[in-house]
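Participant: Quick one: the structure is below, and I'll ask about it shortly.
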Amino acid sequence: MNTILAQNRKSCGQLTEISEVFVVEQADVVIIGAGAAGLFCAAQAGQLGLNVLLVDNGKKPGRKILMSGGGRCNFTNMYADHTDYLSHNPHFCKSALARYTQWDFIELVSRHGIAYHEKTLGQLFCDDSAEDIVNLLVKECEQGKVDLRMRSEVLSVERNEQGFLVKLSTGNIQAKSLVIASGGLSMPGLGATPFGYKIAEQFGINLLPTRAGLVPVTLHKPLLEVLQTLSGVAVPVSVTAENGVSFKESLLFTHRGLSGPAILQISSYWQPGESITINLLPDLDLDAFLNTERAEHPNQSLKNTLARHLPKRLVESLQTLNKVPDVTLKQLSVSQQQQLTDALQQWQIQPNGTEGYRTAEVTLGGVDTKALSSKTMESAQVPGLYFIGEVVDVTGWLGGYNFQWAWSSAWACAQALTKTE
């Protein structure tokens, strides 16, 4: 990188005191945040010929990538579409997702010789390790001659006639463009901070309220005391939020409440004070099943009959909650059977809250998309300032959608950077 000397001068009559002399390095672009979006944007911009500095205050790049997908990184989804994202402007993500698709990233993964597989519902995982994706991104950055600086804290950002002066704990950088890829508030244990939101506020860019998304929910004490004995038990269910959005995946009982893919998905649509509706037997005509069993095994207990489709421990807990009567099939009345069907297939639960950012996979809300160009990710009011990835008010479903938004928004930004230089 080129460097220049800068001086702070203080004049007093005919005397000029030089209070500070510091070296300022020059770059075309400074990207803050070496996560999925930051690494990919840096690689793309570098390969397009720009002088790129990528900075992060952590020890290793891609920390959240390494932890994702149980250590195997669900790097995209074959069915990714703009309808799978939450945003106050649901149309914002269309352009980027259409211009850099899941198939583009899959091709890149294949080019690097990374073996992968579909787990379920289009979710693609590395066969070996999430480290394969981080290595891919680092190699792409090396190909673009990106200057990657870890353990580098951003002390301040100033806008001037030349662009942006970024003061780091490791030096000062003057850049024409600045890209914020610092992520959201989820998983603070992996280094998440509100840095990106503070930069937006500094430059007068509107922020939308943030909250934890793709996160387990907690339960009120009376219900929790019964259900926490099921910790570790998983069942396939259908879960519906009050706004009508529904997901059919697995539910996991925990010592604090409910988790599993179905709950993580619905958590992004749940609001405090609302209930969720759980169908414990989404693929079963319960009435028909009970009628058939009653005709063939009238003296069989209802508990044992239900245990053919549900874990026995769950049926026993439902009995404790007075949702399953302690009767034989021939003793089960018509009204009891109707109540049972409602209880098992329209079980309404009002969560106490969520486990919060500590375990949340994503952050909902963030930088208002109305303040950004959907084609370039550039701020409308601060030319040269870009926001990409999770810091933006675009949040995908569970299953590789958020990584795809990282790749797509980063790619769109990188293309735009070359046109401004």
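Residues in the sequence shown are numbered from 13 upward in steps of one, following this note's numbering. Using N, Cα and C, we set each Cβ at its ideal position, and we do this for glycine too. None of the values given here were measured: they were computed from a predicted structure.
What does G175 pair with, by DSSP beta-bridge criteria?
Facilitator: For the purposes of this step, residue 175 is taken as residue 163 along the sequence shown, with counting starting at 1. Its beta-bridge partners are N172.
Participant: Should Q240 be listed as close to the ligand FAD, given that the test is whether its C-beta is under 6 Å from any heavy atom?
Facilitator: As presented, the structure is devoid of all ligands, the ligand FAD included, so that no description of it is given.
Participant: DSSP on E130, reduced to helix/strand/coil?
Facilitator: For the purposes of this step, residue 130 is taken as the residue at position 118 of the sequence shown. Here E130 carries a strand assignment [DSSP, helix/strand/coil].
Participant: What number of angstroms, rounded off, separates the C-alpha of T230 from the C-alpha of L242?
Facilitator: In the sequence shown, the residue the question calls residue 230 occupies position 218. In the sequence shown, the residue the question calls residue 242 occupies position 230. About 14 Å.
Participant: Quick one: give me the first and last residue of the beta strand (DSSP E) that L65 is part of.
Facilitator: On the sequence shown, position 53 is the one that residue 65 refers to. Per DSSP, L65 belongs to the beta strand (DSSP E) from 64 to 67.
Participant: Does the separation of the CB atoms of G47 and K76 fall below 7 Å?
Facilitator: Along the sequence shown, read from residue 1 onward, the residue named residue 47 stands at position 35. Along the sequence shown, read from residue 1 onward, the residue named residue 76 stands at position 64. Going by C-beta atoms, G47 is nearer than 7 Å to K76.
Participant: If you draw a straight line from the alpha carbon of I290 to that of W409, how long is it in whole angstroms?
Facilitator: Counted from its first residue, the sequence shown places residue 290 at position 278. Counted from its first residue, the sequence shown places residue 409 at position 397. About 19 Å.
Participant: Between the alpha carbons of H103 and V36, how many angstroms are there, rounded?
Facilitator: Counting from one through the sequence shown, the residue named residue 103 turns up at place 91. Counting from one through the sequence shown, the residue named residue 36 turns up at place 24. Taken atom to atom, the span from the alpha-carbon of H103 to that of V36 is near 40 Å.
Participant: How long is the line joining the alpha carbons of L263 and G183, rounded to whole angstroms?
Facilitator: One-based indexing of the sequence shown puts residue 263 at position 251. One-based indexing of the sequence shown puts residue 183 at position 171. Taking the straight line joining both Cα atoms gives about 49 Å.
Participant: Which residue comes first and which comes last in the beta strand (DSSP E) that contains P248?
Facilitator: Counted from its first residue, the sequence shown places residue 248 at position 236. Unbroken beta strand (DSSP E) run through P248: 246 to 252.
Participant: Given 8 Å as the limit, is there contact between the stretch 90 to 110 and the stretch 194 to 207, that is, 3 or more CB pairs closer than that?
Facilitator: no
Participant: Given this structure, state the Cα-to-Cα distance separating T88 from K157, to the nearest angstrom.
Facilitator: Indexing the sequence shown from 1 puts residue 88 at position 76. Indexing the sequence shown from 1 puts residue 157 at position 145. Cα-Cα distance, rounded: 26 Å.
Participant: Any idea what DSSP makes of Q135, helix, strand or coil?
Facilitator: Counting from one through the sequence shown, the residue named residue 135 turns up at place 123. Strand, per DSSP.
Participant: Return the CA-CA distance between K260 and V251, expressed in angstroms with no decimal places.
Facilitator: In the sequence shown, counting from the first residue as 1, residue 260 sits at position 248. In the sequence shown, counting from the first residue as 1, residue 251 sits at position 239. Approximately 6 Å, taken between the alpha carbons.
Participant: Throw me the rounded Cβ distance for the G70 and M162 pair, which I believe falls under 8 Å.
Facilitator: As a first step, residue 70 is located in the sequence shown; it is residue number 58 there, counting from the start. As a first step, residue 162 is located in the sequence shown; it is residue number 150 there, counting from the start. Yes, G70 and M162 are in contact; Cβ-Cβ is about 6 Å, under 8 Å.
Participant: Go ahead and pull the three-state DSSP assignment for V42.
Facilitator: Working through the sequence shown from its first residue, we reach residue 42 at position 30. Three-state result, V42: strand.
Participant: Would DSSP call G396 helix, strand or coil?
Facilitator: Sequence index remark: in the sequence shown, residue 396 carries index 384 (1-based). Correct three-state label for G396: coil.
Participant: What residues in its chain sit with their C-beta under 8 Å from that of L298, if we drop five residues either side in the sequence?
Facilitator: Stepping through the sequence shown from its first residue, residue 298 is reached at position 286. L352, T353, L356, Q357.
Participant: Residues in the same chain with beta-carbon distance under 7 Å from Q56, minus the five sequence neighbours each way, listed in chain order, please.
Facilitator: For this step, residue 56 is matched to residue 44 along the sequence shown. Closer than 7 Å at the Cβ level, and outside the excluded window around Q56, lie A422, W423, A426.
Participant: For the beta strand (DSSP E) that contains K382, what are its first and last residues?
Facilitator: To locate residue 382, count along the sequence shown from 1; it is residue 370. Unbroken run through K382: none, as it is neither H nor E.
Participant: Taking 8 Å as the cut-off, does the stretch 276 to 290 touch the stretch 301 to 317 (at least 3 CB pairs, one atom from each stretch)?
Facilitator: no
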